[in-house]
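I have placed the structure first, in the form of structure tokens, so that the comments after it can refer back to it.
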Amino acid sequence: MKTGFVDLPLHPGTTPRWLFERMTNLSREISKVIIYEFGRDEFLRRLSEPFWFQGFACAIGFDWHSSGTTTVSCGALKQALNNEDIGIAFLGGKGKASRNTPSEIQNFSEKFNLSQQKTDELIKASRLSAKVDNDCLQDSFEIYHHSFVLSEGGKWAVIQQGMNAETLYARRYHWLSENLRKDEGFVNEPHTGISCDVKVEPLNMVAGESRNARKCSVDLAKEKSTKFYFSKQTTLFEVENFKLPRHHEIYLNGYENLMKSERIAKALNFAYESQPKNYEDLIAIKGVGAGTIRALALLSDLVYGKDGYPYKVSRKLLDKSIETLKTGLENAKIGAHEKINALRRLKDFLPKEIY
Numbered sequence: 491m492k493t494g495f496v497d498l499p500l501h502p503g504t505t506p507r508w509l510f511e512r513m514t515n516l517s518r519e520i521s522k523v524i525i526y527e528f529g530r531d532e533f534l535r536r537l538s539e540p541f542w543f544q545g546f547a548c549a550i551g552f553d554w555h556s557s558g559t560t561t562v563s564c565g566a567l568k569q570a571l572n573n574e575d576i577g578i579a580f581l582g583g584k585g586k587a588s589r590n591t592p593s594e595i596q597n598f599s600e601k602f603n604l605s606q607q608k609t610d611e612l613i614k615a616s617r618l619s620a621k622v623d624n625d626c627l628q629d630s631f632e633i634y635h636h637s638f639v640l641s642e643g644g645k646w647a648v649i650q651q652g653m654n655a656e657t658l659y660a661r662r663y664h665w666l667s668e669n670l671r672k673d674e675g676f677v678n679e680p681h682t683g684i685s686c687d688v689k690v691e692p693l694n695m696v697a698g699e700s701r702n703a704r705k706c707s708v709d710l711a712k713e714k715s716t717k718f719y720f721s722k723q724t725t726l727f728e729v730e731n732f733k734l735p736r737h738h739e740i741y742l743n744g745y746e747n748l749m750k751s752e753r754i755a756k757a758l759n760f761a762y763e764s765q766p767k768n769y770e771d772l773i774a775i776k777g778v779g780a781g782t783i784r785a786l787a788l789l790s791d792l793v794y795g796k797d798g799y800p801y802k803v804s805r806k807l808l809d810k811s812i813e814t815l816k817t818g819l820e821n822a823k824i825g826a827h828e829k830i831n832a833l834r835r836l837k838d839f840l841p842k843e844i845y
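Numbering (this note's numbering), first residue to last: 491 to 845.
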């Protein structure tokens, strides 16, 4: 289940070696204390909470509002924890490193003595979480960082980030396996919290209000794609006139055959041949990306519509995250000077009425 996302400004440059080494050492000690104190499952829960992760990144010394908060902190955690015998592994990463996630899941699943069936489920979870945020939630942010956090018990969390090259902002998404809904799993209301400064109106095919649209998309995907006709438009607001013809095929202003879009037509043909049972099966089909999902959603919107709103911040949850992070810092095996500086950075990040 997705547990929230955060918007961050894109900052260029690299982290100095001396800073990254200190971040790695500090993150190792804090993480170990939290795992020993609260357990691996709770550590995954903390990582899946946007505010906790933001505070953690600040405490280990990174810029409080930079896009590097995600990429560098995950990199430090990966280097810090993967060689420790604590039953937690950070897999994937930024850019090309994200493509190694399936093979890394395979390797650590063997180390954790997980079955091949479970390993295949984990690889599917990694791919679907990225697909949902990139294609089903079309909010103008393209995923470029994907970290898959695996515990030896087979539970997982995902921390991934997308980039909007026009606004120069990045958006971080959080997932947690234990909160996946039994009904529709990855594609039904994956958010439990949203924290961002910028509001957008995305095509959100994983919203609860989109349930019927998802069902309609699956039904449409089971039909031959030659029945679908679209114009070049991307929204219903561009339709000025509607003339209802005698034929039964669906047209939108312009009468351009969807088959002229070879990529979408090919994906729909794959979907027709696969006959997906549900929306999760549909988006897992090779070639079904943002364009195909948008095309099916446009037709579905004629019947059902779609919408989605940010979830309000939970002050109680934020307080719990802060206390957990402070406990880890106060008990970490680090020098007093470093601990004081870490707590000071955390205090600077928090609103005055909370700390």
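From the three backbone atoms N, C-alpha and C, an ideal C-beta is built for every residue, glycine too.
- Where ILE578 is concerned, the enclosing beta strand (DSSP E) starts and stops at 578-584.
- Cβ neighbours of SER563 within its own chain (closer than 8 Å, five residues either side excluded): MET513, SER517, PHE543, PHE546, ALA547, ILE550 and PHE552.
- Within its own chain, the residues whose Cβ lies closer than 6 Å to the Cβ of GLY582, once the five positions on either side in sequence are excluded, are SER588, THR591, HIS636, SER637 and PHE638, listed in chain order.
- The Cβ atoms of PHE533 and ILE578 lie closer than 8 Å to each other.
- The segment 764-771 makes contact with the segment 702-717; the number of CB pairs closer than 8 Å reaches 3 or more.
- Remark: C-beta atoms of ASN669 and VAL696 do not approach each other more closely than 8 Å.
- For MET653, the enclosing beta strand (DSSP E) covers residues 646-654.
- Residue environment analysis places GLU527 among the exposed positions, since fewer than 16 neighbouring C-beta atoms fall within 10 angstroms of its C-beta.
- Cβ-Cβ separation between GLY585 and TYR634: approximately 6 Å, consistent with a contact (criterion under 8 Å).
- By the CB criterion at 8 Å, LEU836 and LEU815 fall inside the cutoff.
- Looking only at PRO540, ASN515 and GLU611, the smallest Cα-Cα distance to LEU807 is reached by PRO540.
- The criterion of a C-beta distance shorter than 8 Å is not satisfied by ALA655 and LEU537.
- The C-beta distance from PRO692 to ASP625 rounds to 11 Å, too long to fall under 8 Å, and the pair is not in contact.
- Contact check for ILE613 and ILE595: beta-carbon distance about 5 Å, within the 8 Å limit, so the pair qualifies.
- Less than 8 Å separates the beta-carbon of LYS645 from that of SER667.
- Membership of PHE638 in the beta strand (DSSP E) is indicated by the continuous run 632-641.
- Beta-bridge analysis with DSSP links ARG671 to GLY675.
- Here DSSP, grouped into helix, strand and coil, assigns ALA822 to coil.
- Only residues of its own chain outside the window of five on either side were considered, and among them GLY644 have a CB closer than 7 Å to the CB of LEU604, listed in chain order.
- Separation of the CB atoms of LYS829 and LEU819 is rounded to 6 Å, and the pair is thereby assigned contact status at 8 Å.
- Look at ASN573 here: in three-state DSSP terms it is coil, with no helix or strand label.
- In this structure, LEU618 lies away from ALA780, with their beta-carbon atoms at least 8 Å apart.
- Secondary-structure assignment with DSSP links GLN628 through a beta bridge to LEU693.
- Listed in chain order, the non-local C-beta contacts of LEU627 below 8 Å within the same chain comprise PRO692, LEU693, ASN694, MET695 and VAL696, local neighbours out to five positions each way being set aside.
- When C-alpha distances from SER641 are compared across THR657, GLY652, LYS672 and GLU600, the shortest belongs to GLU600.
- With respect to the C-alpha of ASN759, the residue from LEU786, ALA711 and ALA785 having the closest C-alpha is ALA711.
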